[in-house]
Each structure stands twice: as C-alpha cells, then as structure tokens.
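Number of protein chains: 2
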Amino acid sequence: MGDSKAQNLQIPRRSATLRSMVEDNLRKAIASGTFKPGQRMIERDLCERIGVGRTSIREALRQLEAEGLVVSYPHKGPVVASFSAEEVRQLYVIRAELEGFCGREFARHGSREDIAKLIRAVDAFDRAAQGDDQEALIETKTHFYDVLAQGAGNIYVTQFLTSLHNRITLLRVSSMRQPGRLPESVREIRLISEAIAAGEPERAEAACKQHIENAARVAIAQALTGQSNDAEE
Amino acid sequence: MGDSKAQNLQIPRRSATLRSMVEDNLRKAIASGTFKPGQRMIERDLCERIGVGRTSIREALRQLEAEGLVVSYPHKGPVVASFSAEEVRQLYVIRAELEGFCGREFARHGSREDIAKLIRAVDAFDRAAQGDDQEALIETKTHFYDVLAQGAGNIYVTQFLTSLHNRITLLRVSSMRQPGRLPESVREIRLISEAIAAGEPERAEAACKQHIENAARVAIAQALTGQSNDAEE
DNA sequence: GTTGACAGATTGTCTGCGAATCTGACAAAG
DNA sequence: CTTTGTCAGATTCGCAGACAATCTGTCAAC
Numbered sequence: 001m002g003d004s005k006a007q008n009l010q011i012p013r014r015s016a017t018l019r020s021m022v023e024d025n026l027r028k029a030i031a032s033g034t035f036k037p038g039q040r041m042i043e044r045d046l047c048e049r050i051g052v053g054r055t056s057i058r059e060a061l062r063q064l065e066a067e068g069l070v071v072s073y074p075h076k077g078p079v080v081a082s083f084s085a086e087e088v089r090q091l092y093v094i095r096a097e098l099e100g101f102c103g104r105e106f107a108r109h110g111s112r113e114d115i116a117k118l119i120r121a122v123d124a125f126d127r128a129a130q131g132d133d134q135e136a137l138i139e140t141k142t143h144f145y146d147v148l149a150q151g152a153g154n155i156y157v158t159q160f161l162t163s164l165h166n167r168i169t170l171l172r173v174s175s176m177r178q179p180g181r182l183p184e185s186v187r188e189i190r191l192i193s194e195a196i197a198a199g200e201p202e203r204a205e206a207a208c209k210q211h212i213e214n215a216a217r218v219a220i221a222q223a224l225t226g227q228s229n230d231a232e233e
Numbered sequence: 001m002g003d004s005k006a007q008n009l010q011i012p013r014r015s016a017t018l019r020s021m022v023e024d025n026l027r028k029a030i031a032s033g034t035f036k037p038g039q040r041m042i043e044r045d046l047c048e049r050i051g052v053g054r055t056s057i058r059e060a061l062r063q064l065e066a067e068g069l070v071v072s073y074p075h076k077g078p079v080v081a082s083f084s085a086e087e088v089r090q091l092y093v094i095r096a097e098l099e100g101f102c103g104r105e106f107a108r109h110g111s112r113e114d115i116a117k118l119i120r121a122v123d124a125f126d127r128a129a130q131g132d133d134q135e136a137l138i139e140t141k142t143h144f145y146d147v148l149a150q151g152a153g154n155i156y157v158t159q160f161l162t163s164l165h166n167r168i169t170l171l172r173v174s175s176m177r178q179p180g181r182l183p184e185s186v187r188e189i190r191l192i193s194e195a196i197a198a199g200e201p202e203r204a205e206a207a208c209k210q211h212i213e214n215a216a217r218v219a220i221a222q223a224l225t226g227q228s229n230d231a232e233e
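Here the protein sequences come in this chain order: A and B. In terms of UniProt numbering, the numbers along the first sequence are unbroken and rise by one, the last being 233. In terms of UniProt numbering, the numbers along the second sequence are unbroken and rise by one, the last being 233.
Below, the structure is given as structure tokens:
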C-alpha cells in the first residue's frame with residue numbers, strides 16, 4: 001500500500017536531549033581547535049560557556065571520553081586528548097587498514113547508487129581543490145570519506161572510522177596544508193573511485209591504503225616538527 | 001640511576017572513582033546475562049541494586065552507550081543492545097579483518113617475549129578444553145585474544161577488538177557450545193600461534209581470518225535459530 | 001473499534017551540599 | 001640553597017531533592 005515513502009515522516013527523535021547537543025558542541029569545539037590538546041576542561045567553565053547544568057556537561061564528557069577525544073584522570077578532571085608521534089603512526093596504520101577494507105568491500109558489493117554518490121563526492125572535492133575555500137575543502141573531503149565508509153555496508157567499520165577521523169581532526173595536522181599535496185590527494189581519491197566503479201576490489205583496497213599512507217607520511221612529519229601538541233601553556 | 005624498575009611503583013590510579021566501578025559491574029552484568037538484550041535498565045532499580053546515586057549510574061551508562069553495549073532513546077531510557085542477524089554477520093566480518101591484521105602484524109613485528117606468551121596462552125586454552133570448566137574455557141580463550149591483540153602493537157586495534165568482544169559475549173552465542181567445535185577451535189588457534197612463531201605474516205593472517213569465519217558460521221546459525229534476542233517479554 | 005483524556009512511571013535537567021583529592025605556595029628545618 | 005611539611009584554594013566526586021517533559025497503558029466516551 002502507500003507505505004513506500006513512509007519512513008520520511010520520521011521526526012528526528014535524536015537531538016531531543018540537551019546532553020546530545022552539548023556533546024556535539026564540545027566535539028566541534030575540540031575539532032575546531034577551540035580547546036587544544038592537553039588543555040583542561042573545567043566543568044564550571046563549560047557550564048557557564050554553554051549555559052547548561054553540570055549534569056549535562058558531565059554526561060557529555062563521559063561520551064567523549066569513551067570516544068577517546070578526551071582523557072580524564074580521577075579527581076583531576078578531563079583534558080583534551082593528545083597524541084605522541086608513535087600513537088599518530090599507529091592511528092594511520094589502522095586507518096589505512098580499515099579504509100582499505102572499505103574500498104575492497106565497496107568494490108565488491110557497492111550499489112550502483114553508492115558508486116554514483118562516490119563519484120559525485122570526488123568531483124565536489126576536485127572542484128573545492130581548485131578554489132581556496134579551506135572550509136569547503138574539509139567538508140567535501142569529509143563527505144568523501146563518509147560515502148566511502150557507507151559504501152562498505154558495515155556499520156562497525158563506519159563507527160570505528162568516524163572515531164579515528166575525529167581524533168585526526170583534533171590533531172590539526174591536515175596533510176592538505178602541505179604544498180603540492182592537494183592535487184596529489186585529488187588524484188589518489190579519484191583512483192579509488194575509479195577502481196571501485198570498475199569493480200576491482202584489490203585495486204580499490206590498494207588505492208585506499210596508498211592514499212592513507214601518503215597522508216600519514218605528511219602528517220607524521222608535521223607532528224614531529226610542529227609539536228603543537230601538549231599545549232602545556 | 002636506580003630508575004630501572006621505577007614504573008612498577010605506580011599505584012592503580014584507575015578504579016579510584018565509583019563511576020568506573022559501576023561501569024565495570026554493569027559491563028560484567030551484561031556480559032554474564034544478568035541483563036538480557038532488549039531488557040530495559042531502569043535508573044532507580046540500578047541505584048538500589050548497586051547502592052549508588054543516580055549520578056554514578058547515569059554516567060556509567062553513558063560510557064556503555066558509547067561502547068555500543070546499551071542503546072538509549074530519549075525519555076525512554078537505556079536498554080541492553082540487541083543485534084539483528086545481519087548485524088551479527090557484519091560484526092564477525094570486521095572482527096575477522098581486525099584479528100587478521102593482528103596476526104599479520106604480530107608475525108611481522110612481535111617480540112620473542114610476546115610470542116612465548118601467545119604459545120602459553122594456547123596451551124592453557126588447550127588444557128581447559130580437556131576439562132569441562134566452562135569458566136576456565138572462557139577465561140583462557142579471552143586471554144588468548146588479549147595476547148593476540150597486544151602482540152600487534154597497535155593500541156587502536158586493541159580498543160576496537162575489545163569493543164567487539166564485549167558485544168559478542170553479550171550475544172551469548174558462544175560458538176564453543178557447538179558439539180565438535182571446541183577441538184576444532186583449539187586446532188585453529190594453534191595454527192595461528194605456529195604461523196606467528198614462524199614469522200609468516202600471510203599465513204598468520206589467513207589462519208586468524210579462517211578461525212573467525214568458522215566461529216561466525218556457528219554463531220550466525222545460532223543467532224538465527226535461537227532468536228533469544230529481542231527479549232520483548 | 002477508534003478516539004481522547006488522564007494518571008503513573010520514568011527520564012532529563014538543575015541546584016545545593018559535603019567529602020575527597022589535587023595543586024601550588026609558603027614557611028620551617030637542615 | 002634545598003628539602004620537607006603544612007595549609008588553603010580549586011576542583012572533582014557523588015548524593016539527594018526537586019520539578020518539568022515525556023512516554024505508556026488504561027479506561028471511558030463516542
């Protein structure tokens with residue numbers, strides 16, 4: 001019967017709670033660098049700045065803690081997570097593995113629709129790479145990774161990758177800031193989409209891994225020289 | 001200077017907070033089946049049964065929620081997570097991928113010490129498989145997976161696998177309950193340890209994947225027939 | 001049988017409070 | 001001058017109580 005489009009009526013049951021909004025706010029604040037790695041996050045400050053009670057703040061912090069975005073020590077409170085060079089390396093290693101998996105599965109089982117979406121995502125990123133709108137660059141690239149993860153059809157891999165991406169944006173070592181890296185990056189992800197569209201799992205996996213490994217090299221180099229982590233003061 | 005063994009003096013900074021103890025309790029309660037999938041977890045009940053205030057309960061629940069052990073809907077409260085057959089399938093797919101990664105990396109970079117630990121873990125599991133102490137069986141097998149994950153030397157993979165294992169124990173579809181599966185299981189993990197000890201990454205990875213895929217077959221079959229999930233009533 | 005209203009249960013959130021704990025400063029002792 | 005001891009301030013930890021918002025089932029009315 002007329003239930004073909006029924007699910008579109010769903011009201012966003014989510015976001016109804018204050019806590020989840022606080023959570024999103026804090027996540028964005030951390031990602032955007034408002035709070036820097038190593039910096040303390042003091043309950044009462046957050047209460048005032050966000051305008052909610054301690055309950056909501058504390059519960060939101062527990063979630064971020066579980067996600068690895070903040071670390072908290074008993075009786076000292078939470079601080080924004082920071083990473084050693086070795087941890088950054090490991091982060092990229094596992095990310096390469098997981099995105100490689102996505103590429104492979106996508107090429108194997110991806111729907112025609114998902115593939116079209118992926119290609120559009122690459123095109124959008126390409127266009128953004130021509131201009132110099134940093135905002136658009138990040139957004140289109142994030143979208144590409146979202147589509148890539150989605151296409152693999154595995155909710156757990158999506159969750160894990162989201163978690164990894166959050167920690168990477170926190171690092172603020174965008175490999176795209178490296179001169180000459182941007183066009184190369186475009187080429188790489190186009191290779192990925194082409195391999196997936198062609199339905200070649202091994203090539204897609206290899207392309208994904210290659211892409212992340214290249215990004216990792218730049219990121220680790222930056223992490224070593226910059227040393228903007230810690231943020232002791 | 002005499003700092004060679006200094007770190008052993010560290011006091012367990014952890015576990016100082018009530019919240020973390022509540023968290024562990026609940027995790028265990030869920031894993032042991034005290035709370036079944038689909039069952040509601042009512043704050044005040046938990047307060048009484050555990051003997052702590054609502055604050056601690058709620059914050060612990062937020063962590064478990066982030067781990068995927070419980071799901072909560074606004075104004076309805078948290079329920080123990082339950083999984084569709086498709087989700088179980090996906091769970092094992094990604095688990096195979098991650099443990100395969102562990103096997104490969106372990107074989108590549110594992111220390112002599114870690115390898116010895118791994119072999120001891122296999123022996124312990126083998127011995128447990130001879131007896132019929134269900135408790136020991138689970139414990140030794142869990143230990144084996146811990147050592148395997150540890151040996152890969154990647155903290156993120158360890159985290160992710162822990163998360164997956166937690167959800168699987170919640171499922172209570174121990175593939176070991178299948179008649180004949182146990183000795184086969186022992187053989188499989190011995191193959192893993194042998195490949196790692198021999199330093200053969202590809203073979204180790206394949207053995208890991210094979211092992212999980214076999215377990216998955218049994219688990220999914222059980223999940224389909226049993227249907228003890230949902231627990232609507 | 002459908003609709004509507006109502007009551008009970010439960011969660012979401014805020015607030016005040018006291019205890020426990022960490023931290024840095026400052027004085028006392030060597 | 002360095003080490004040690006003490007103390008006060010800041011902050012988290014956890015509890016209890018309160019109230020609004022929301023969900024759920026029931027039961028009467030149509």
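Every residue gets a Cβ at the ideal spot worked out from N, C-alpha and C, and that includes glycine. Since this is a predicted model, take the numbers as computed values, not measurements.
Coarse secondary structure for B/Ser-72, derived from DSSP in three states: strand
Cβ pair B/Ile-212, B/Ala-96 closer than 7 Å: It is a contact, given that the beta carbons lie within the stated cut-off.
Beta carbon proximity, A/Pro-74 to chain B, threshold 7 Å: So, interface residue.
Partner residues on chain A for B/Arg-58, Cβ-Cβ distance less than 7 Å: Glu-59, listed in chain order.
Candidates B/Pro-74, B/Arg-62 and B/Ala-66, of which the one nearest A/Ala-16 by Cα: Answer by Cα proximity: B/Pro-74.
Closer than 7 Å to chain B by CB, A/Ala-66: yes
Helix, strand or coil at A/Val-173 [DSSP, three-state]: coil
Min CB distance A/Phe-83 to chain B below 7 Å: no
Nearest neighbour of A/Ala-149, chosen from A/Asp-133, A/Ile-192, A/Val-79 and A/Pro-183 [CA to CA]: Out of A/Asp-133, A/Ile-192, A/Val-79 and A/Pro-183, the CA that lies nearest to the CA of A/Ala-149 is found in A/Ile-192.
Contact under 7 Å by Cβ, B/Ala-81 with B/Val-71: yes
Neighbour flag for A/Glu-97 against chain B, beta carbons, 7 Å: For A/Glu-97, the nearest beta carbon of chain B is closer than 7 Å to its own beta carbon.
Positions along the stretch 131-162 of chain A whose CB lies within less than 7 Å of some CB in chain B: Asn-154, Ile-155, Tyr-156, Val-157 and Phe-160
Same chain, Cβ closer than 6 Å to A/Ala-216, neighbours up to 5 away in sequence not counted: So the list reads Tyr-92, once near-sequence residues are dropped.
Cutoff 7 Å: B/Glu-106 Cβ touching any chain A Cβ: The sequence as given places Phe at residue 106 of chain B; Glu does not occur at that position. Not an interface residue.
Pairwise C-alpha distance: A/Leu-46 and B/Arg-49: 32 Å
Simplified DSSP state of B/Pro-37, which is helix, strand or coil: coil
Neighbourhood of A/Leu-18 by C-beta, 7 Å cutoff - its chain only, sequence neighbours within 5 removed: Within its own chain, the residues whose Cβ lies closer than 7 Å to the Cβ of A/Leu-18, once the five positions on either side in sequence are excluded, are Val-52 and Ser-56, listed in chain order.
Same chain only: Cβ atoms within 6 Å of B/Ala-128, ignoring 5 sequence neighbours per side: Ala-136, Leu-137 and Thr-140
N- and C-terminal bounds of the alpha helix (DSSP H) containing A/Pro-183: Run containing A/Pro-183: 181-197, per the alpha helix (DSSP H) assignment.
Chain B contact residues for A/Ile-212, given Cβ-Cβ distances below 9 Å: Contacts between A/Ile-212 and chain B, judged by CB atoms closer than 9 Å, are missing: the closest CB pair is about 13 Å apart.
Residue from B/Leu-224, B/Ala-223, B/Arg-190 and B/Ala-221 whose Cα sits closest to the Cα of B/Gln-210: Of the listed residues, the one whose Cα sits closest to B/Gln-210 is B/Arg-190.
Three-pair Cβ contact test at 8 Å for the stretch 105-118 of chain A versus the stretch 168-185 of chain B: no
Proximity of residue 234 of chain B and B/Ser-163 at Cβ, strictly below 7 Å: Chain B is shown only over 1 to 233; residue 234 of chain B falls outside these bounds and no answer can be derived.
Contact with chain B by A/Arg-54, beta-carbon distance below 7 Å: no
Chain A residues whose Cβ lies nearer than 7 Å to that of B/Val-93: Asn-154
B/Asp-151 (DSSP reduced to helix, strand or coil): Residue identity differs from the one stated: residue 151 of chain B is Gly in this sequence, not Asp. Looking at B/Gly-151 - three-state DSSP - the assignment turns out to be helix.
Cβ of B/Asp-230 within 7 Å of any chain A Cβ: Because B/Asp-230 carries a pLDDT of 39, less than 50, the predicted location of this residue cannot be relied on, and no value is offered for it.
Delimiting residues of the alpha helix (DSSP H) encompassing B/Gly-77: Unbroken run through B/Gly-77 is the beta strand (DSSP E), 77-80; no alpha helix (DSSP H).
Proximity of residue 235 of chain A and A/Ala-206 at Cβ, strictly below 7 Å: Because residue 235 of chain A is not part of the residues shown, which for chain A are 1 to 233, the question remains open.
Element boundaries [alpha helix (DSSP H), containing B/Ala-116]: 112-130
Residue of A/Val-79, A/Tyr-156, A/Val-186 and A/Lys-76 minimising C-alpha distance to residue 244 of chain A: Only positions 1 to 233 of chain A appear in this structure, which leaves residue 244 of chain A out of reach.
Contacts around A/Gln-222, its chain only, beta-carbon distance under 6 Å, and the 5 residues preceding and following it disregarded: Within the same chain, Cβ atoms closer than 6 Å to the Cβ of A/Gln-222 are found at Val-173, the five residues on either side in sequence being excluded.
Chain A contact for B/Ala-221 (CB, 7 Å cutoff): no
Residue burial classification, A/Gly-131 (beta-carbon count within 10 angstroms, cutoff 16): exposed
Chain-order list of residues whose beta-carbon lies under 6 Å from that of A/Ile-155 (same chain, five-residue window excluded): none
When B/Arg-89, B/Leu-64 and B/Gln-90 are compared against B/Pro-78, the one with the closest alpha-carbon: B/Leu-64
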